[in-house]
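Participant: Residue numbers (our numbering): 51 to 344.
Pasting a structure below so you can have a look.
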Amino acid sequence: MFASGDGLRTGRDLTDHLRARLSTVLTRFAPAPTGALHLGHVVNAIYVWGLARALGGRVLLRIEDHDRQRARPEFERALLDDLDWLGFEADLYPAGAYRMGRCDGRQSERDAIYRAALAPLAAAGLVYGCRCSRADQAGDRYVGTCRARNIPLDDGVGWRLKLDPGIEAFDDGLLGPQEQDPSAQCGDLLIRDRLGNWTYQFVAAVDDTVQGMTLVVRGHDLLPSTGRQIRVARMIGRAAPAVFAHHPLIMKTATQKLSKSDGDSGVADLRGAGWSADDVIARARELSGIESFE
């Protein structure tokens, strides 16, 4: 089952649209090593590598292991093996670079980069310490309880970035014009949690900026993150945002997407059942309805 929407740009229409907007293409495949790769990741890889090749661009492999409590080395090794088996080879930070040890594409080894991005924001008074838990929020939105409490940016407290009201408008490559107000969506953004983990929203925005991403291709479930990441990127000095393209998801029910944690359609499981890499990619294409980008 594939969750799609009306008016999606697909196939050559998508490629032509992106070619008109981008003079150079650098995109990324950015799995989190918190479980096994599944068919949903294969769909994303087909989009990422397919568009990069059609547009004459390059792919960077990023390991998003910023959550040190959930990320596991064995999951990283498995996802690298799966990518090799499927034939998805990155131009920047390929699988072999991670297997050699330290790699700048691994988020857990980029703490100094995140601190450098944070420093001017903190100096401008835009970052503050926060002792609130999720129970202190109004749904998904933080209401600013600690904004005026002058809590130092120490370990053991969350660090939040002030986000004032304001619309972020962008033209999604697949979905067309979008508008989001990050302040209304999430309030002041948590950028580092009480356990010392940098959060996804912050590190994704920093890495996409520092690594020079011009095209971000990812699943529709991450569309709500886009406005806040565009805002953060601008706050740390990015003049023009990347182009974002959010593709539909393979769904196991009408409301539930495939999940690593649930073990859904794992690439390794399919391989163990006798599927070839071509079989897995063909199945992902069939479920997703991806048209040729050439």
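For glycine and all other residues, C-beta sits at the position ideal for the given N, C-alpha and C.
No experiment lies behind these values; they were computed from the predicted model shown.
Can I201 and C180 be called in contact, C-beta distance under 8 Å?
Facilitator: Indexing the sequence shown from 1 puts residue 201 at position 151. Indexing the sequence shown from 1 puts residue 180 at position 130. For I201 and C180, yes; Cβs fall inside 8 Å.
Participant: What whole-angstrom Cβ distance do V256 and L211 have, given they're in contact under 8 Å?
Facilitator: Sequence index remark: in the sequence shown, residue 256 carries index 206 (1-based). Sequence index remark: in the sequence shown, residue 211 carries index 161 (1-based). Taking 8 Å as the upper bound for CB-CB distance, V256 and L211 are not in contact here, some 11 Å apart.
Participant: Determine, using beta-carbon pairs with one atom in the region 285-301 and one in the region 224-235, whether at least three such pairs fall under 8 Å.
Facilitator: Counting Cβ pairs under 8 Å, three or more are found: they touch.
Participant: With respect to the beta strand (DSSP E) encompassing Y178, which residues constitute its N-terminal and C-terminal limits?
Facilitator: In the sequence shown, residue 178 corresponds to position 128, counting from 1. Element bounds for Y178: 177-180.
Participant: Going by other Cβ atoms of all chains shown within 10 Å of its Cβ, with 16 needed for buried, is D132 buried or exposed?
Facilitator: Here residue 132 corresponds to residue number 82 of the sequence shown, with the count starting at 1. The residue in question, D132, is buried, as its Cβ has 16 or more Cβ neighbours within 10 Å.
Participant: Output the residue ranges of the beta strand (DSSP E) runs that lie fully inside the region 105-180 and measure 3 residues or longer, sorted by chain position.
Facilitator: 108-111, 177-180
Participant: Which residues in the same chain as F343 place their Cβ atom closer than 6 Å to its Cβ, once the five residues preceding and following it in sequence are excluded?
Facilitator: Working through the sequence shown from its first residue, we reach residue 343 at position 293. Excluding residues within five positions, the ones whose Cβ falls inside 6 Å are T65, G100, L101, A104.
Participant: For the alpha helix (DSSP H) that contains P298, what are its first and last residues?
Facilitator: Within the sequence shown, residue 298 is the residue found at index 248, counting from 1. Per DSSP, P298 belongs to no alpha helix (DSSP H) and is neither H nor E.
Participant: Helix, strand or coil for F410, going by three-state DSSP, please let me know.
Facilitator: The question about residue 410 has no answer, for the chain in this structure spans 51 to 344.
Participant: Between the alpha carbons of M287 and E336, how many angstroms are there, rounded?
Facilitator: In the sequence shown, counting from the first residue as 1, residue 287 sits at position 237. In the sequence shown, counting from the first residue as 1, residue 336 sits at position 286. What sits at residue 287 in the sequence shown is Gly, not Met. So the alpha carbons of these two residues sit roughly 41 Å apart.
Participant: Counting only the same chain and skipping the five closest in sequence on each side, list residues whose C-beta sits under 7 Å from that of A283.
Facilitator: Working through the sequence shown from its first residue, we reach residue 283 at position 233. The answer, listed in chain order, is A255, D258, T259, P291.
Participant: Give the straight-line distance between the Cα atoms of Y148 and E139, rounded to the nearest whole angstrom.
Facilitator: Numbered from its first residue, the sequence shown carries residue 148 at position 98. Numbered from its first residue, the sequence shown carries residue 139 at position 89. Straight-line Cα distance between these residues: approximately 13 Å.
Participant: Can you tell me whether D222 is helix, strand or coil according to DSSP?
Facilitator: Numbered from its first residue, the sequence shown carries residue 222 at position 172. Correct three-state label for D222: strand.
Participant: D328: buried (16+ other C-beta within 10 angstroms of its C-beta) or exposed?
Facilitator: In the sequence shown, residue 328 corresponds to position 278, counting from 1. Exposed: under 16 other Cβ atoms inside 10 Å.
Participant: Under 8 Å, Cβ to Cβ, is there at least one residue of chain C near Y143?
Facilitator: Judged by its chain identifiers, the structure shown contains no chain C, having just a single protein chain.
Participant: Could you tell me the distance, in whole angstroms, from the CA atom of Q235 to the CA atom of Q187?
Facilitator: As a first step, residue 235 is located in the sequence shown; it is residue number 185 there, counting from the start. As a first step, residue 187 is located in the sequence shown; it is residue number 137 there, counting from the start. Approximately 12 Å between the Cα atoms of the pair.
Participant: What whole-angstrom Cβ distance do A334 and V93 have, given they're in contact under 8 Å?
Facilitator: Mapped onto the sequence shown, residue 334 falls at position 284. Mapped onto the sequence shown, residue 93 falls at position 43. That belief holds up - the Cβ atoms of A334 and V93 are roughly 5 Å apart, short of 8 Å.
Participant: E341 and T60: beta carbons closer than 8 Å?
Facilitator: Along the sequence shown, read from residue 1 onward, the residue named residue 341 stands at position 291. Along the sequence shown, read from residue 1 onward, the residue named residue 60 stands at position 10. Yes.
Participant: Name the DSSP beta bridge partners of E229, please?
Facilitator: As a position in the sequence shown, residue 229 is number 179, starting the count at 1. DSSP, once it has assigned bridges, lists A219 as partnering E229.
Participant: From A219, T77, R112, Q157, pick the residue whose C-alpha is nearest to that of V98; which is it?
Facilitator: The residue given as residue 98 occupies position 48 in the sequence shown. Selection A219, T77, R112, Q157 evaluated against V98 yields T77 as nearest (Cα-Cα).
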